[in-house]
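If you're matching positions, the sequence shown starts at 127 in our numbering and goes up one per residue. Beta carbons: idealized from backbone N, C-alpha and C, even for Gly. Below is one structure; the comments refer to it alone.
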Amino acid sequence: ATWVNLCYIVFHELTGINVIMLYSTTIFKQMKGGSFTPRLGTQIVGVIDLLACFLSIWTVKKFGRVTLVIWGHLLIAGAHFGVGFSAMNDSNTGVLLFVLLFLVIYQNSSGPIAWLYAAETTIDAALGICIFTLWGTVFILSIISPILMKDENLGEQGTFFLFAGLSILGSLYCKTILIETKGLSDKD
């Protein structure tokens, strides 16, 4: 269970949530022109993320963990393709809308489920290792992502296409490896 969760935690972070949360202002600054300021875009991101968290209270109770993460990662990939495509076509509004769509999907799938699943399937010491892996992955992404987003490297759109591909791999991992835990007791 520990190894399953360690791998899933990495896929959870490779959805790019912390890249968006840490660098949304930078992402919006790189856009040419636009109908909103980078600051306003970042504020909208924060508000929508908060509202999506409230919705997740219902979602997590209603649907199975594995179902949420499989479909969540696939829909996240679609949102990332939308961000990348919008960035390629200099559609600032498209970038913002697909980032917001990503947040709603993430907060109602992988966002809460990664934490729940690890807590439900590991012992205390292993949960600590999972959390260390999560924050280690965040640290690595916080160093690598600004480099990837530079135009001379992958650029903003290439980085989001990369996250889309990684999210598809995450969905395949969840489909083949994870087992459903919703409704099971600790003994089960």
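With distances taken between CB atoms, is the gap from residue i to residue j smaller than 8 Å?
i    : j    : result
I257 : V130 : no
K301 : I196 : yes
S268 : T219 : no
T151 : T168 : yes
L242 : I170 : no
The alpha helix (DSSP H) spanning residue i covers which residue range?
i    : result
L176 : P164 to K188
M147 : I143 to K155
K301 : G281 to I303
L253 : D250 to L274
N131 : T128 to E139
N218 : N218 to Q233
S212 : R191 to M214
So, for residue i: in the same chain, excluding its five sequence neighbours on each side, which residues have a beta-carbon less than 8 Å away from its beta-carbon?
i    : result
L200 : S293, I294 and S297
N144 : V264, L267 and S268
Y149 : S271, P272 and M275
L132 : I255, C256 and T259
Got a sec? Which residues, its chain only, sit under 6 Å from residue i by beta carbon, not counting five neighbours each side?
i    : result
T128 : T248 and A252
L194 : S235 and I239
L226 : I174
The stretch 282 to 300 contacting the stretch 173 to 186, beta-carbon criterion three pairs below 8 Å: no
Three-pair Cβ contact test at 8 Å for the stretch 204 to 220 versus the stretch 259 to 266: no
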